[in-house]
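Residue numbers (my numbering): 1 to 621.
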């Protein structure tokens with residue numbers, strides 16, 4: 001049985017395909033279209049999923065959309081009419097979008113896939129989120145928390161999920177089954193933690209649905225001195241119900257601004273979009289080339305705002321988690337929705353929350369809804385037993401030896417080819433020990449927003465200067481932005497706290513939680529220690545042998561089994577997908593060496609070569 005899940009028309013469009021309940025392929029559309037956060041119909045992601053499964057659309061048993069469009073249309077219509085005429089611009093823009101494409105998603109799917117009506121199903125947005133977390137987890141039962149901007153009407157849910165089957169003598173699923181997801185606590189629009197955080201994202205000079213993680217990265221440079229003011233615009237009760245004071249927000253009636261003049265009266269003038277960010281904390285030696293004391297002090301104020309909204313978000317999530325535990329009494333928790341990508345909040349949930357184990361799948365936001373919708377149909381609507389547990393994120397497309405060779409030669413680069421991964425890993429380590437930055441391109445690309453070793457840029461984490469080098473000369477982004485450490489799973493407790501129990505480390509496998517650095521260890525990993533913490537990725541040999549071996553060898557050479565890992569892309573671009581994408585990024589940046597499935601390309605050996613001009617012009621953030 002083949003089931004295709006689809007998400008689109010909000011942000012991060014995606015497709016995922018199951019065969020008999022097991023994931024075969026999943027990808028965001030942006031990886032193919034090269035449009036970051038592409039929200040359009042996922043033509044190429046669907047084509048990839050079908051290709052990976054070796055079928056055509058006519059072979060599909062079901063196609064499932066990740067929400068119910070008519071319910072979402074009802075919400076937009078009703079909420080804009082309630083604030084009319086102030087909401088007229090939103091009403092006009094929304095109606096154009098809906099009547100041009102969104103209302104007709106059913107017909108579009110039926111036509112483009114050429115499938116009969118009975119094969120097309122729709123699952124509510126937050127049920128898709130819940131299923132994406134739970135049915136990818138290893139648990140037979142768990143509490144489920146979903147938190148995002150908004151689905152149809154819902155912004156937050158708490159519930160319980162079960163997948164319990166008896167076993168036959170040979171270990172196969174028996175006949176007694178219980179696959180269910182029950183969502184019993186619900187918060188509705190406009191009251192939304194996701195939209196609250198997005199309003200502050202815009203206030204702090206970043207793009208909504210794109211810059212929320214930058215707010216999280218800015219927060220450690222500030223102090224949460226404005227929490228009392230944040231609680232003037234947002235209130236959460238002991239029972240985890242919450243409300244936004246809508247006098248401070250305009251996202252429900254404006255096309256260009258998420259916060260009101262009253263919000264500005266409370267928090268001051270917004271930070272200029274894309275302006276340079278530095279503070280006395282980020283640059284204590286005042287070594288920024290355009291250092292200005294007044295600018296630094298102003299940015300410090302914004303850092304304090306970031307710290308305040310981040311802390312309020314964390315505290316709200318902890319209240320929701322506590323309520324989920326009180327309502328279910330279960331030991332396991334699954335989290336999904338866009339707010340589940342807030343790795344700092346996730347770290348506090350794992351340290352301070354009441355649950356023994358927490359699971360978050362790598363594409364926790366809207367992209368993951370495509371997978372969740374398919375899983376919900378297979379397990380809940382069709383009642384099929386579960387066979388799948390997502391331990392790695394490598395569900396994208398891979399390319400052949402011939403593809404890699406042809407792309408390199410088309411660019412005019414000389415290269416070396418080494419088949420033995422141990423020898424490749426040795427060269428990778430030698431490069432990093434010699435202060436070189438490398439690009440690692442191998443296998444199937446990652447599912448979700450994090451690069452986890454198949455499309456990664458890597459460097460020596462011990463050298464503090466590597467943070468500036470990779471930010472400014474390779475990623476071309478703000479110098480304050482942190483980098484993630486990747487570490488062997490069994491060595492992680494040496495450097496970070498609360499990692500002794502591997503059953504408690506599921507989110508770390510996907511770089512979805514922040515750990516506190518152990519005292520004295522931060523000096524050993526200065527390029528990846530972010531104000532005493534790290535958004536770590538833990539790795540096992542069986543998940544990624546080359547990646548693991550490189551870290552292992554680096555640890556043997558230095559005593560530090562840790563590497564700096566960041567996504568293989570430039571600012572404003574999606575993570576690279578094809579060999580050509582990788583070579584474009586390699587050419588346009590100061591990456592020293594490209595490792596591409598055994599092919600090794602060195603800038604130092606190609607200085608006098610006529611290099612082909614890159615095909616892609618990288619967009620600004």
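Even glycine gets a Cβ: it sits at the ideal position worked out from N, Cα and C.
- Counting along the chain, no beta strand (DSSP E) covers residue 50; the unbroken alpha helix (DSSP H) around it starts and ends at 43-53.
- Residue 265 has its alpha-carbon roughly 14 Å from the corresponding atom of residue 245.
- In summary, residue 11 is buried, with 16 or more beta-carbon neighbours lying within 10 Å of its beta-carbon over all protein chains present.
- Residue 198 sits away from residue 375, with the two beta carbons spaced by 8 Å or more.
- Membership of residue 120 in the beta strand (DSSP E) is indicated by the continuous run 120-122.
- Fewer than three beta-carbon pairs drawn from the stretch 415-423 and the stretch 573-584 are found closer than 8 Å, and the two stretches are therefore not classed as touching.
- Judged by their CB atoms, residue 263 and residue 251 are not nearer to each other than the 8 Å cut-off.
- If you ignore the 5 residues before and after residue 415, its C-beta comes within less than 7 Å of the C-beta of 408, 599, 600 and 601, all in its own chain and listed in chain order.
- In this chain, residue 539 is not harboured by any alpha helix (DSSP H); it is covered by the beta strand (DSSP E) spanning 537-539.
- In the DSSP annotation of this structure, the continuous segment of the alpha helix (DSSP H) that includes residue 107 starts and ends at 105-113.
- Comparing alpha-carbon positions, the option among 110, 49 and 165 lying closest to residue 2 turns out to be 49.
- Per the C-alpha coordinates, the member of 92, 125 and 95 positioned closest to residue 8 is 125.
- Shortest Cα-Cα distance from residue 192 to any of 238, 204 and 317 involves 317.
- If you look at residue 166, you'll find it in the beta strand (DSSP E) that goes 154-167.
- Note that the C-beta distance between residue 96 and residue 4 is not below 8 Å.
- Using a Cβ distance threshold of 8 Å, residue 53 and residue 372 do not count as a contacting pair.
- Note on geometry: alpha-carbon atoms of residue 235 and residue 243 lie some 5 Å from one another.
- Secondary structure of residue 544 (DSSP, three-state): coil.
- Here residue 560 is actually not in contact with residue 533; their C-beta atoms are around 17 Å apart, not less than 8 Å.
- Following the DSSP letters along the chain, one finds residue 440 inside the beta strand (DSSP E) bounded by residues 438-441.
- Straight across, the Cα-Cα distance linking residue 432 with residue 597 is about 18 Å.
- The three-state reading of DSSP puts residue 363 in coil, since its state is none of H, G, I, E or B.
- In the displayed model, residue 428 falls within a helix according to three-state DSSP.
- Setting aside the 5 residues that flank it on each side, residue 528 is surrounded in the same chain by 461, 483, 485, 534 and 564, each with a C-beta closer than 6 Å to its C-beta; the list follows chain order.
- For residue 575, no beta strand (DSSP E) run applies, since DSSP gives it neither H nor E.
- Nearest neighbour of residue 222 by Cα position, chosen from 536, 280 and 116, turns out to be 280.
- Look at the stretch 375-415 and you find these whole runs of alpha helix (DSSP H), each 4 residues long or longer: 401-411.
- When rounded, the separation of the alpha-carbon atoms in residue 404 and residue 436 is 22 Å.
- For the pair residue 66 and residue 443, the CB atoms are not nearer than the 8 Å cut-off.
- Each of 510, 511, 508 and 530 was checked against the Cα of residue 517, and the nearest Cα belongs to 530.
- With fewer than three CB-CB distances shorter than 8 Å, the stretch 179-191 does not count as touching the stretch 214-228.
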